[in-house]
Amino acid sequence: MNIDVEFHIRHNYPWCKLPANMRQRLGNSQREYEKQAVLYSIYEHRYYEELLKYSQDHLMLYPYHLLDIMMTSRYAFCLRNSLLIRSSIQVLNSLDH
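What the sequence shown shows, in UniProt numbering, is residues 1 to 97, in sequence order.
Here you go:
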């Protein structure tokens, strides 16, 4: 993933607020941007889960400093997915009319 695209995803930029050069990098496809956002969320979530598992397996102290990140990550993952589903439903409904 392009680091610039990742920056915009991490900071929750909606498609309509992306700079023109970012849109071009994504082939002017909002669907591609949404796909990248989901992939980023999955990657981020897996990273923190693996970090916690490693800590448990090696009898390390629970990394309490990651607690907020894990909770936020799970919330953001669920929120992004629900927003993508909602926008997909809107697109499908608009095609029906």
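In this text, a Cβ means the ideal position worked out from N, Cα and C, and glycines have one as well.
Roughly how far, in whole angstroms, is the beta-carbon of residue i from the beta-carbon of residue j, given that I think they are within contact range, below 8 Å?
i: L40; j: I9; result: At residue 40 the sequence reads Tyr, which differs from the Leu that was named. Right, the Cβ-Cβ distance comes to about 5 Å (below 8 Å), so this counts as a contact.
i: V5; j: R31; result: Going by Cβ atoms, the distance from V5 to R31 rounds to 14 Å, so no, they are not a contact pair.
What did DSSP end up calling residue i once you bin it into helix, strand or coil?
i: L59; result: coil
i: S41; result: helix
Kindly indicate the opening and closing residues of the alpha helix (DSSP H) around residue i.
i: H11; result: Element bounds for H11: n/a, residue is neither H nor E.
i: N21; result: 20 to 25
Can you have a look at residue i and say buried or exposed, based on whether 16 or more other CB atoms are within 10 angstroms of its CB?
i: Y33; result: buried
i: residue 98; result: As displayed, the chain neither begins before 1 nor continues past 97, which places residue 98 out of reach and without an answer.
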